[in-house]
Structures are given as C-alpha cells and as structure tokens.
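Residue numbers are given in full-length UniProt numbering: position 8 of the sequence shown equals residue 8, and the series is strictly consecutive. Shown next, in structure tokens, is the structure this report addresses.
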Amino acid sequence: MESRKTFRDWKPNEYVHQPVTPTEVLPEDDLVFFLLDLVPQLNLGPIYAYYERETRGAPPFDVAMMVTLLLYSYSVGVFSSRKIAAACERNIAFLAIVGKQRPDFRTISDFRKNHLQPLGDLFVEVLAIAGELGMVKLGNVALDGSKFRANASRHKAMSYGYMKKEVQRLRAEIEALLNQAEQTDAEQDAALGSRRGDELPDELKRRQDRLQAIEEAMQRLEQQAKERTDATRRANSST
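Below, the structure is given as structure tokens:
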C-alpha cells in the first residue's frame with residue numbers, strides 16, 4: 001500500500017492564542033525599525049505647529065507615527081491610502097508602526113494632503129541620512145551610499161556640489177512618489193467613494209453566516225455544473 005504524503009500541521013486558530021510581536025517576526029535590520037528609530041529624531045515641528053492651531057475634533061494621531069507610516073508605505077511601494085489602512089490591520093511591519101492605533105484611509109489621505117511640503121522635506125532628509133549611512137536603498141528607493149561616503153571624504157566644495165545635485169535628484173523622485181499617491185487616492189475616491197473597497201458584504205461579516213453563504217454558493221455551483229453536464233448529455237444523445 002502506497003503511503004500518503006505527510007504535511008506540517010496547520011492550525012490557523014492557534015494564532016489567536018499566540019501573541020506575536022513585530023520584533024519576534026521581522027528581521028532586526030528591517031526598514032521599519034530604521035524609520036522608527038530615525039523619524040522621532042527629525043524636526044517635526046512644522047507639522048506639530050499645524051495641530052497647535054487646529055483645536056476642533058478629536059485628538060489627532062501622533063505626528064511621528066503618521067510620518068513614519070507614510071514614509072514606510074511609500075518607500076515599499078504602497079501608495080493607496082486604502083491599502084495603507086488595510087495594512088495597519090493585517091501587516092506585521094505596519095503594525096510595528098501603529099501599534100493598536102488604526103488610522104482610517106481618509107485620515108491617512110488628509111494627513112498627506114495637509115502636510116505635503118514638510119513630508120517631502122522629511123523624505124529627502126531621511127534618504128540623505130540613509131545614503132550617508134551607506135545604505136544602497138530605502139525600501140524600493142535606490143540610493144548609492146558609497147557615493148555619499150566617498151564625496152563626504154573629499155574637500156567640502158566637491159562634497160557640497162555633489163550633495164546639492166543628489167538632493168535635487170532625490171526630491172524629484174520623492175515628488176513623483178507623492179504624486180503617485182495623490183493620483184491613486186483620487187482614482188479610488190472616484191470609484192469607491194467613502195468605502196475602502198475590501199469590505200465584505202453585510203451578510204458575510206459574521207462567521208456563521210459566512211460559512212452558510214459559502215456552502216450555499218458551492219451548492220449552486222455544483223447544481224449549475226450538473227445542469228451543464230445534463231444539457232451536454234442530452235445534446236449528444238439527440239444527434
């Protein structure tokens with residue numbers, strides 16, 4: 001008798017009883033930890049000042065958290081505010097940034113719109129620091145850390161000239177990323193309105209209802225397949 005292949009035990013429900021932290025799952029050198037260490041040390045004053053003037057509504061999300069969230073998202077190629085909001089619920093790297101906070105997609109989109117200029121400046125600064133540290137990329141954004149360090153070791157005039165040119169290049173790349181985020185949100189706003197787009201229909205939100213709906217859908221598909229088979233058999237027998 002041929003023995004059956006054995007597979008590793010799979011118990012997805014075990015996750016509910018096993019609290020997992022980002023530091024246990026992500027590598028120590030993950031980009032998210034670099035940004036979590038760096039962003040709070042940057043000058044976030046211009047953004048904080050905006051909220052000092054704004055006294056309406058509920059307390060805003062922490063500025064450093066939101067800046068880290070957007071810089072990380074755009075660095076790894078996630079430009080949709082809706083996808084960022086979804087990742088804050090499901091992606092361990094994003095959870096490392098927001099913890100138990102859950103900014104919705106409109107909050108994320110508005111934060112970018114309200115602070116576009118300082119966000120661009122902070123992004124340039126982060127990329128420059130990453131290059132100075134010898135990093136070859138920040139997420140999907142290519143850097144050449146060797147050039148940063150080589151020019152820093154030469155006389156100041158050459159180093160300044162190179163850095164000015166490099167900052168201009170980085171700023172152009174950042175503007176393209178921010179524009180892509182703006183365009184993505186505009187397209188999704190037009191298509192989805194106030195919805196995020198990944199919501200389940202109301203009748204599928206509860207697990208018991210969902211299981212019943214799945215079973216009924218499978219039965220309908222089986223019935224449709226049977227009807228097609230019967231129709232084909234009748235057509236063949238009549239020829």
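In this text, a Cβ means the ideal position worked out from N, Cα and C, and glycines have one as well.
Quick check: the Cα distance between residue i and residue j, rounded to an integer number of angstroms?
| i | j | result |
| --- | --- | --- |
| residue 150 | residue 128 | Bear in mind that the predicted position of residue 150 carries a pLDDT of just 46, short of 50, making it too unreliable to give a figure here. |
| residue 86 | residue 50 | 26 Å |
| residue 67 | residue 98 | 11 Å |
| residue 88 | residue 181 | 17 Å |
| residue 241 | residue 19 | With the chain running from 1 to 239 in the structure shown, residue 241 is simply not present. |
| residue 227 | residue 192 | 36 Å |
| residue 145 | residue 136 | Low confidence applies here, because residue 145 scores a pLDDT of 47, under 50, leaving its location unreliable and the question unanswered by this model. |
| residue 55 | residue 114 | 15 Å |
| residue 215 | residue 231 | 24 Å |
| residue 206 | residue 65 | 32 Å |
| residue 126 | residue 190 | 32 Å |
For residue i, count the other beta carbons within 10 Å of its own beta carbon; 16 or more makes it buried, fewer makes it exposed. Which is it?
| i | result |
| --- | --- |
| residue 118 | buried |
| residue 112 | buried |
| residue 131 | buried |
| residue 237 | exposed |
| residue 221 | exposed |
| residue 211 | exposed |
Compare the beta carbon distance of residue i and residue j with 8 Å and say whether it is the shorter of the two.
| i | j | result |
| --- | --- | --- |
| residue 39 | residue 71 | yes |
| residue 120 | residue 169 | no |
| residue 22 | residue 61 | no |
| residue 63 | residue 42 | no |
| residue 108 | residue 84 | yes |
| residue 105 | residue 82 | yes |
| residue 116 | residue 35 | no |
Would you list the residues sitting across from residue i in a DSSP beta bridge?
| i | result |
| --- | --- |
| residue 142 | 137 |
Please list, in chain order, all residues of the same chain as residue i whose beta carbon is under 7 Å from its beta carbon, the five residues on each side excluded.
| i | result |
| --- | --- |
| residue 75 | 31, 138, 139, 140 and 141 |
| residue 80 | 184, 185 and 188 |
| residue 174 | 120, 123 and 124 |
Give every residue of the same chain whose Cβ lies closer than 8 Å to the Cβ of residue i, excluding the five residues on either side of it in the sequence, and list them in chain order.
| i | result |
| --- | --- |
| residue 26 | 32, 33, 92, 93 and 96 |
Quick one: residues in its chain with C-beta nearer than 6 Å to the C-beta of residue i, no 5 flanking neighbours on either side, listed in chain order?
| i | result |
| --- | --- |
| residue 195 | none |
| residue 234 | none |
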